[in-house]
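Peer 1: First the structure, then my questions, so here it is.
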Ligand code: UDP
Ligand code: MG
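Residue numbers (my numbering): 20 to 343.
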């Protein structure tokens with residue numbers, strides 16, 4: 020008999036959580052008939068609303084439900100890591116609390132890993148219905164760019180909704196980095212992954228936690244975490260402008276010797292200086308991004324800090340340390 024750990028990162032999800040539980044418990048009951056055991060691991064990512072008390076109630080109500088609560092908002096990536104390190108099941112699945120990752124897909128995903136020998140089953144949405152067009156545009160641009168500059172395969176529209184077997188989970192847990200970009204990590208570890216496609220579903224209640232700015236920073240995280248191409252580009256740019264400057268210098272010397280032109284035009288000089296100053300600052304900025312990430316990595320800070328867990332989580336020795 021196998022056991023699935025369902026990991027649900029929750030940040031201010033007081034409205035969605037009960038809808039999620041209702042739907043998920045239907046799926047769990049259904050699959051239990053085929054002898055699958057469940058552990059529903061709710062990770063409260065420092066919510067400021069009633070999410071935690073909602074979780075406590077669900078835990079009272081149903082002994083399959085467990086929860087961990089962070090001391091502050093550490094971000095979804097940290098919540099995923101915490102969930103995976105507490106998961107005791109043979110399989111683990113990551114799912115959003117807003118029902119944008121339909122629980123009804125789970126039986127099919129489970130069948131694919133158990134019967135067809137995949138190590139993980141991932142999902143991607145093929146439409147971006149209900150999303151602001153400008154956001155979809157930048158998201159597409161990001162995936163195209165990432166696939167050009169990084170060796171890790173990133174799939175456009177990939178969700179974090181994914182079922183993994185123990186081998187896959189352990190591989191993810193062995194990546195201890197502080198700056199976590201799960202979409203990249205999942206691809207980086209390899210294994211056999213089956214992709215399922217579905218139409219985008221809008222969130223059941225509450226609102227999205229991702230502002231445009233937050234997504235922008237997240238995409239920088241992805242680029243810096245999985246590619247060093249920006250560093251190469253700034254070096255290439257440096258070399259090209261040196262070559263160009265040298266040729267230009269020759270041109271000016273030759274012109275002066277042959278035609279005796281007085282050199283005119285401070286405007287062009289000013290433009291060139293400004294341009295090169297800009298390129299230099301940009302390159303230092305790119306370098307700084309990598310340095311900043313390295314700086315955070317070498318501090319070895321915990322990925323999350325737990326404030327509270329339910330009783331079973333506290334006594335369960337396999338659940339790991341207090342700090343991630
Ligand atoms: N989430 C989280 N920590 C955060 C932001 C989001 O745990 O800092 C959770 C959130 O509760 C939800 C999931 O991550 O379960 C996806 O978030 P959301 O639905 O806001 O993102 P979207 O679906 O709009 O990309
Ligand atoms: Mg959502």
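All C-beta atoms, glycine included, are put in the ideal place defined by N, C-alpha and C.
Let's see if you can read the secondary structure: which residues bound the alpha helix (DSSP H) around residue 275?
Peer 2: Taken as a continuous stretch (DSSP letters only), the alpha helix (DSSP H) holding residue 275 covers 248-278.
Peer 1: In or out: residue 317 buried (at least 16 other Cβ within 10 Å) or exposed?
Peer 2: Answer is exposed; the Cβ neighbour count stays below 16.
Peer 1: In angstroms, rounded to a whole number, what distance separates the CA positions of residue 31 and residue 68?
Peer 2: Going by the C-alpha atoms only, they are around 6 Å apart.
Peer 1: Residue 253 and residue 305 look like a contact to me (Cβ under 8 Å); what is the Cβ gap, rounded to whole Å?
Peer 2: Their Cβ separation, rounded to whole angstroms, is 5 Å, which keeps residue 253 and residue 305 in contact under 8 Å.
Peer 1: Starting from the C-beta of residue 112, find all residues in its chain whose C-beta is less than 8 Å away, skip the five residues before and the five after it, and write them out in chain order.
Peer 2: Excluding positions up to five away in sequence, the list reads 23, 24, 25, 26, 125, 128, 180, 181, 182, 183.
Peer 1: Closest to residue 118 by C-alpha separation, out of 89, 194, 58, 29, would be which residue?
Peer 2: Nearest option by C-alpha distance: 29.
Peer 1: Classify residue 20 as helix, strand or coil using the three-state DSSP reduction.
Peer 2: Three-state DSSP puts residue 20 in coil, outside helix and strand.
Peer 1: Let's test the definition: count the other Cβ atoms within 10 Å of the Cβ of residue 249 and tell me whether it reaches 16, buried, or not, exposed.
Peer 2: When all chains shown are included, residue 249 counts as buried.
Peer 1: Does the count of Cβ pairs from the region 322-329 and the region 76-87 closer than 8 Å reach three?
Peer 2: Because the criterion of three Cβ pairs below 8 Å is met, the region 322-329 and the region 76-87 touch.
Peer 1: Rounded to whole angstroms, what is the Cα-Cα separation between residue 187 and residue 209?
Peer 2: Going from the Cα of residue 187 to the Cα of residue 209 covers about 9 Å.
Peer 1: Can you say whether residue 105 is buried or exposed, counting buried as having 16 or more other CB atoms within 10 angstroms of its CB?
Peer 2: Flag for residue 105 reads buried.
Peer 1: Check each candidate in 291, 145, 61, 312 and name the one with the smallest Cα separation from residue 177.
Peer 2: Selected option, being the one with the closest Cα: 145.
Peer 1: Residue 184 lies in the beta strand (DSSP E); which residues open and close that run?
Peer 2: Element bounds for residue 184: 177-184.
Peer 1: DSSP state of residue 340, grouped into three classes?
Peer 2: For residue 340, the predicted model reports a pLDDT of 48, less than 50, meaning its position is unreliable and no value from the coordinates is stated.
Peer 1: Give the DSSP-derived three-state secondary structure of residue 298 in the structure shown.
Peer 2: Looking at residue 298 - three-state DSSP - the assignment turns out to be helix.
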